[in-house]
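Number of protein chains: 2
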Amino acid sequence: MMSESLANNRICSLFGINFPIIQAGMVWCSGWELAAAVSEAGGLGIIGSGSMYPEVLRQHIRKCKSACNRPFAINLPLLYPQIEEHLNIIHEEGVNIVFTSAGNPAKYTPMLKNRGCTVVHVVSSSRFAEKAEAAGCDAVVAEGFEAGGHNGREETTSFCLIPEVVRSVSIPVIAAGGIGSGKAMLAAMVLGAEAVQIGSLFVASKESSAHQNFKEKVVNAKEGDTLLTFKELTPVRLLKNPFVNQIMLAYERGAGKDELRELLGRGRAKKGMFEGDITEGELEIGQVASQIQEILPASVIIKRLLEEYKAALTDCMGEDRFQW
Amino acid sequence: MMSESLANNRICSLFGINFPIIQAGMVWCSGWELAAAVSEAGGLGIIGSGSMYPEVLRQHIRKCKSACNRPFAINLPLLYPQIEEHLNIIHEEGVNIVFTSAGNPAKYTPMLKNRGCTVVHVVSSSRFAEKAEAAGCDAVVAEGFEAGGHNGREETTSFCLIPEVVRSVSIPVIAAGGIGSGKAMLAAMVLGAEAVQIGSLFVASKESSAHQNFKEKVVNAKEGDTLLTFKELTPVRLLKNPFVNQIMLAYERGAGKDELRELLGRGRAKKGMFEGDITEGELEIGQVASQIQEILPASVIIKRLLEEYKAALTDCMGEDRFQW
């Protein structure tokens, strides 16, 4: 898997990885086992720190270092309550790639850069991408409307967002949202991305810390089975389930922000994704879930993506539909 | 422009056109001038009959036939009140390509096929695509969430919809929604489409019957300037303007369906798109509007799309970001 050169693609060079495939840092799903498996397979694994207490994060970093000799990263939501402790642990443990999200990149990027980190910020618009570049970020993740979990307010889809972000910044752009195959990976690169960040496929991987019930629900998801909701609070894409039905009923009776906040309550993401309560829990996943048919080891997911990507590249040159 | 072969691509063969570029049939924007210009340039022009009285449609067909010696089509919304008259006129005037939308394809497809027409149905999900194929349609348009105007309820984006529809049917798939450049055209083909249908770029064409005020507002649109609204009635993607602000305020005060219907009223699309009232009118356009910088002749739009497409295809083979 690691026999190829990493000289050309800017994202491969930036992180020192073999393939421009990044596993999204996700709450409750991407602990050390998943991050290590992805990085060992030649991509970039990311530990999602948003659902971890500081000392839990430290343990995940240490286990990831023991399990893997390749670069890996931490995803850090900038609104995390104990962010200073997380930042110190990342520094103490010597992790030097940080993906930040959900907040202002100007606040911590200079400090992280001073500490020698490569910093990437997740954005949902070219305006935020420009802010990230101005803050000193080394790359941005452009995340489209179809992505799972928390999501931008402008609802710009990957098809429209990738070209806009690529046009707006000179740092490399990593496309996220809607990438479920090597074909989609190539399509994102054609639109100007230099790498892809993939969440949903890795939620349903063997090494994901998602509960087996949630993984199986992802595998069984059909087209149209997700929706973007809670737009008045923080927009989030969820897999439909009885909890989502409750949300729909609340909207139908004209529920206000307070009622919605009360309905959401606390701990629903953990309950659904980690504890496996697929009835009452919050199940964050992308539209691309409908394309996922199997729970596979992360290394197999990456291998397939690369094979499909190469086949798609070959098709461009030979298949009839591309010629006229 | 018409020097190339049309032997390979299934959509080019189906319609007898040179390039797999189809101009969307749009209310108030795509009359005979636009359709003729697109068809003369080697694409497929479509007269949008949804905003025409039957005798107006007849005049547009006759003018299009005089202005162009190439195949063109009619878009027919299946909920159009005088649909029988439209169907008779299409038959009497000998137009033999019909794109149907917004309704059940089982109702009229067999009759149109018996009359010798090529029939294409516009869908927003693979379930509807399967129905269209079962009804005898020759191709489907898969229209993603980012598209302008009326839109599907499941909100599936082009990135996710194209692969799903391609997997579900064996007839060729035309991608619509988010296609604003030759790069996007290639990305759609990589995802499995065999052609693209383009609306927004042609709204802002010289030959479009959109009012100049609307064309200029499209050219000035920025990222995030459209939204999908009226989901309780028929979901529609509109360019933000004072009328859209009124809609937003109505939602904020918890307006029900009746109030929304009253606010919408009648004739707003004509008022905005055709009469140029960009304050009070309904302005249907796709997210891709933010990528449109100029009002160009349709032939130039097609020429640029083809040049960009070929450049993108060459890039795939040579640019560093595709290699690692």
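In order, the protein sequences belong to chains F and D.
Numbering of the first sequence is given in the numbering used here, commencing with residue 372 and proceeding in unit increments.
Numbering of the second sequence is given in the numbering used here, commencing with residue 372 and proceeding in unit increments.
Positions of the beta carbon are idealized from the N, C-alpha and C atoms, including for glycine.
Consider the Cβ of residue 612 of chain D: report whether some Cβ of chain F lies at a distance smaller than 8 Å.
No, because no Cβ of chain F sits closer than 8 Å to the Cβ of residue 612 of chain D.
Partner residues on chain D for residue 659 of chain F, Cβ-Cβ distance less than 7 Å:
Those within 7 Å of residue 659 of chain F in chain D are 531.
Would you list, in sequence order, the uninterrupted beta strand (DSSP E) runs of no fewer than 3 residues that lie entirely inside the stretch 637 to 676 of chain F?
Counting only runs of 3 or more, we get nothing.
Closer than 9 Å by beta-carbon distance: list the chain D residues that pair up with residue 606 of chain F, in chain order.
For residue 606 of chain F, no chain D residue has a C-beta closer than 9 Å to its own C-beta; the minimum C-beta separation is roughly 12 Å.
Beta-bridge partners of residue 416 of chain D, as assigned by DSSP
BP columns for residue 416 of chain D point to D/443.
Interface residues of the stretch 533 to 563 of chain F facing chain D [CB-CB below 8 Å]:
For the stretch 533 to 563 of chain F, which is checked against every Cβ of chain D, the residues closer than 8 Å are 534, 535, 543, 548, 549, 550, 551, 552, 554, 555, 557, 558, 559, 560, 561, 562, 563.
Minimum C-alpha distance to residue 542 of chain F - residue among F/448, F/504, F/397
The candidate whose alpha carbon is nearest that of residue 542 of chain F is F/504.
Under 8 Å between C-beta atoms of residue 696 of chain F and residue 472 of chain F:
In this structure chain F extends from 372 to 695, so residue 696 of chain F is not present and cannot be described.
Collapsed DSSP secondary structure at residue 448 of chain F in the structure displayed:
Three-state DSSP puts residue 448 of chain F in a strand.
Kindly identify the DSSP beta-bridge partner or partners of residue 731 of chain D.
This structure gives no information on residue 731 of chain D, because the portion of chain D shown stretches from 372 to 695.
For residue 665 of chain D and residue 583 of chain D, the rounded distance between their alpha carbons
In a straight line, the C-alpha of residue 583 of chain D is about 12 Å away from that of residue 665 of chain D.
With H, G and I counted as helix, E and B as strand and the rest as coil, what does DSSP make of residue 601 of chain D?
In the structure shown, the three-state DSSP call for residue 601 of chain D is coil.
Give the single residue among F/626, F/428, F/417 whose Cα lies nearest to the Cα of residue 406 of chain F.
For residue 406 of chain F, the nearest C-alpha among the options comes from F/417.
For residue 442 of chain D and chain F, any beta-carbon pair shorter than 8 Å?
With 8 Å as the cut-off, residue 442 of chain D does not count as an interface residue toward chain F.
Residue 567 of chain F and residue 546 of chain F look like a contact to me (Cβ under 8 Å); what is the Cβ gap, rounded to whole Å?
Correct: roughly 5 Å between the Cβ atoms.
Proximity below 8 Å, CB of residue 668 of chain F to CB of residue 577 of chain F:
Their beta carbons are under 8 Å apart, which means residue 668 of chain F touches residue 577 of chain F by this criterion.
Return the first residue and the last residue of the alpha helix (DSSP H) that residue 433 of chain D is part of.
DSSP places residue 433 of chain D inside the alpha helix (DSSP H), whose first and last residues are 425 to 438.
Exposure label - residue 481 of chain D; buried when at least 16 CB within 10 Å:
So residue 481 of chain D counts as exposed.
Between residue 656 of chain D and residue 589 of chain D, is the Cβ-Cβ spacing less than 8 Å?
Against a cut-off of 8 Å, the Cβ pair of residue 589 of chain D and residue 656 of chain D comes out as a contact.
My understanding is that residue 639 of chain D touches residue 601 of chain D, with C-beta atoms under 8 Å, so please give their C-beta distance in whole angstroms.
Actually they are not in contact, since the Cβ atoms of residue 639 of chain D and residue 601 of chain D sit about 11 Å apart, beyond 8 Å.
Considering only residues of the same chain and omitting the five flanking positions on each side of residue 611 of chain D, which have a CB-CB separation below 6 Å?
Hits under 6 Å: 596.
Of all Cβ atoms in chain F, is any one closer than 8 Å to the Cβ of residue 662 of chain D?
Residue contact check for residue 662 of chain D against chain F: a CB pair falls below 8 Å.
Hey, residue 513 of chain D and residue 500 of chain D are a contact pair by Cβ (cut 8 Å); roughly how many whole angstroms apart?
About 7 Å separates the beta carbons of residue 513 of chain D and residue 500 of chain D, which is inside the 8 Å limit, making them a contact pair.
When you compare the CB of residue 376 of chain D with every CB in chain F, is at least one pair closer than 8 Å?
Only weak support is given to the placement of residue 376 of chain D: the predicted model assigns it a pLDDT of 47, under 50, and the question is left unresolved by the model.
Taking C-alpha atoms, which residue in D/390, D/604, D/428, D/408 lies nearest to residue 367 of chain D?
The displayed coordinates of chain D run from 372 to 695. Any statement about residue 367 of chain D would go beyond what the structure contains.
Near residue 587 of chain D, what residues of its chain come up, given a Cβ to Cβ distance below 6 Å and the 5 sequence neighbours on each side ignored?
Excluding sequence positions up to five before and after residue 587 of chain D, its CB lies less than 6 Å from no other CB in the same chain.
Drop a sphere of 10 angstroms on the beta-carbon of residue 450 of chain D, count the other beta-carbons inside from all chains shown, and report buried for 16 or more, exposed for fewer.
Counting Cβ neighbours within 10 Å, residue 450 of chain D comes out exposed, since fewer than 16 surround it.
If you draw a straight line from the alpha carbon of residue 534 of chain F to that of residue 558 of chain D, how long is it in whole angstroms?
Between residue 534 of chain F and residue 558 of chain D, the C-alpha separation is close to 11 Å.
Cutoff 7 Å; reference residue 439 of chain D; Cβ partners in own chain excluding five residues on either side
Here the set comprises 407, 410, 411.
Own chain residues within Cβ distance below 6 Å of residue 680 of chain F, not counting five before or after:
553, 556, 557.
With a threshold of 8 Å between beta carbons, is residue 601 of chain D in contact with chain F?
False, the Cβ-Cβ gap to chain F never drops below 8 Å.
How many angstroms separate the CA atom of residue 377 of chain D from the CA atom of residue 677 of chain D?
Because the pLDDT at residue 377 of chain D is just 46, under 50, the model does not fix this residue reliably, and the point stays unresolved.
Status (buried if at least 16 other CB within 10 Å, exposed otherwise) for residue 515 of chain F
Buried is the call here.
From the DSSP secondary-structure annotation, give me the bridge partner or partners of residue 495 of chain F.
In the DSSP output, where bridge partners are listed per residue, residue 495 of chain F has none listed.
For residue 522 of chain D, count the other beta carbons within 10 Å of its own beta carbon; 16 or more makes it buried, fewer makes it exposed. Which is it?
Result: buried.
With a threshold of 8 Å between beta carbons, is residue 394 of chain D in contact with chain F?
Not one chain F Cβ lies under 8 Å of residue 394 of chain D.
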